[in-house]
Every structure is written in structure tokens, then in C-alpha cells.
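Residue numbers (the working numbering): 918 to 1129.
Rendered as C-alpha cells:
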């Protein structure tokens, strides 16, 4: 997780000269997050979002931080409320933020699944897959969508039949696309490569085992 935060921070950091209030605020939020102060980062992002109601980026990071923080302890009683709050924000921005928000939707529904896997697994799996597939429909080369779909399938392979060869292909494509992604939008999401590489390493040996 720390490597991911460092990567996001380095991608989002800007030179102080000529920075706008928005840029300084976003950079400060990333610094707080990198330092482990998620609540401080969320408070800053909330102020930025209120001051820039037409900009989806601050709201995106609010939801992203809430989700990743929830992943650390999905059994916490507060997580289900966070999931509901995230759904509201995601619903507002799906049309404007497009593919990146569908990835967040899939992640948020995964967090909901993790709160009660035994009872929510069957229902939530379809919702999660649909969200990632919608992101890929909007942009087949989105590395976060490719990674997230592949990762969900691979981690679900213990519970349902999965074509792991196909999923590893998606994962490899995602890793290649992370190096190709470009955007002129300040603080546009760039996260995911470290997670993808970790998932690739984890499942590569499992894929090879049956052939030995």
C-alpha cells in the first residue's frame, strides 16, 4: 500500500512555482494521505470539492481513499455506511467521470462484498464484474479497469470457475497499458501498476503448477 501511495504522490506532485490554490490543496491532500492521515486528506478534499463543484477529481479521491481505507478492515462497523455514502457520490459522477468512476464502483461493491462474503458473494460478484466491464466498454485500454477485472476474477477462482489464462492475459495487458497512459487533466488517476505487478507475481506460479 505504501508503494502505491508513494507512486500516486509522485505522479500528483507539482512544482510549487505557479501553483494555483487548487493544485496546492490537492498536493497537500496527497501529502496527508501519504503520511497516513486519511481523515486529514479527506477533510482537505472535501473543501476542494465544495469549492470546485464541477470538478470530479477531488470527489474521486475522496471515494478512492474511503474505499482503500475500508479494505484494511472490512469488518469494521463503519464500513457499510461508507459503502452507502460512496454509492451516492459515485452515482452522481458516473456520467461525467466515465470509466474511472465505473472502476471505483466495482471497487466499492467489492468492499461491500468483503463485509459479508458468505451472504453477499453471489449477488455482489455480478454487480462488480458488470462495473468493470462497463469501464472497459468505455475505454478498452484503461489499465485500472483491466487490472481490476482480472484481479477480481483471479481472487474469485477459489469459489467459481475462472479461466486463469485469460485473466493473466488481461493482467499482462493492464501492466503494459500503465506505461502508456497519458492525461492532461491534473491529478488524473494513475494508480494501479504496483498492485497489478503484485497480483501477477502471486498468481503466476499458481498458473504454472498444473503443467509441472
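Built from N, CA and C at the ideal position, the CB exists for glycine as well.
Handout entry: residue 1080 - containing alpha helix (DSSP H), residue span
Key = No alpha helix (DSSP H) holds residue 1080; DSSP gives it neither H nor E.
Problem - Neighbour-count burial assignment, residue 964, 16 or more Cβ in a 10 Å radius - result: exposed
Exercise for the section: Over the uninterrupted alpha helix (DSSP H) stretch that includes residue 992, give me the two end residues. Expected result: Looking at the DSSP string, residue 992 is not in any alpha helix (DSSP H), and its letter there is neither H nor E.
Exercise for the section: May I have the straight-line CA-CA distance separating residue 1114 from residue 1093, to the nearest angstrom? Expected result: 11 Å
Practice task
Just mark residue 1118 as buried or exposed, buried being the case when its beta carbon has 16 or more other beta carbons within 10 Å.
Solution key: exposed
Practice task
Note the first and the last residue of the continuous alpha helix (DSSP H) segment covering residue 951.
Solution key: 938-951
Handout entry: residue 1068 versus 1110, 1005 and 993, residue with shortest Cα-Cα distance
Key = 1110
Practice task
Report all residues from its chain with a CB closer than 6 Å to the CB of residue 1063; omit the five preceding and five following residues, and keep chain order.
Solution key: 1087, 1090 and 1091
Exercise for the section: Could you pull out every residue in the same chain whose Cβ sits closer than 7 Å to the Cβ of residue 1116, ignoring the five residues on either side in sequence? Expected result: 1068, 1071 and 1088
Exercise for the section: Under 7 Å Cβ to Cβ from residue 949, same chain only, skipping five residues before and after it: list those, please. Expected result: 957, 958 and 961
Exercise for the section: Quick one: grab the DSSP three-state call for residue 1107. Expected result: coil
Problem - 8 Å CB neighbourhood of residue 1025 in its chain, flanking five on each side removed - result: 980, 984, 1000, 1003, 1004 and 1007
Exercise for the section: Could you pull out every residue in the same chain whose Cβ sits closer than 8 Å to the Cβ of residue 982, ignoring the five residues on either side in sequence? Expected result: 950, 955, 958, 959 and 962
Handout entry: Cβ pair residue 1097, residue 1032 closer than 8 Å
Key = no
Practice task
Find the nearest neighbour of residue 1080 within the set 974, 1022 and 1120, judged by alpha-carbon distance.
Solution key: 1120
Handout entry: Local conformation of residue 1116 per DSSP, three classes
Key = helix
Practice task
Taking residue 1105 as the reference, give the member of 990, 943 and 969 with the closest Cα.
Solution key: 943
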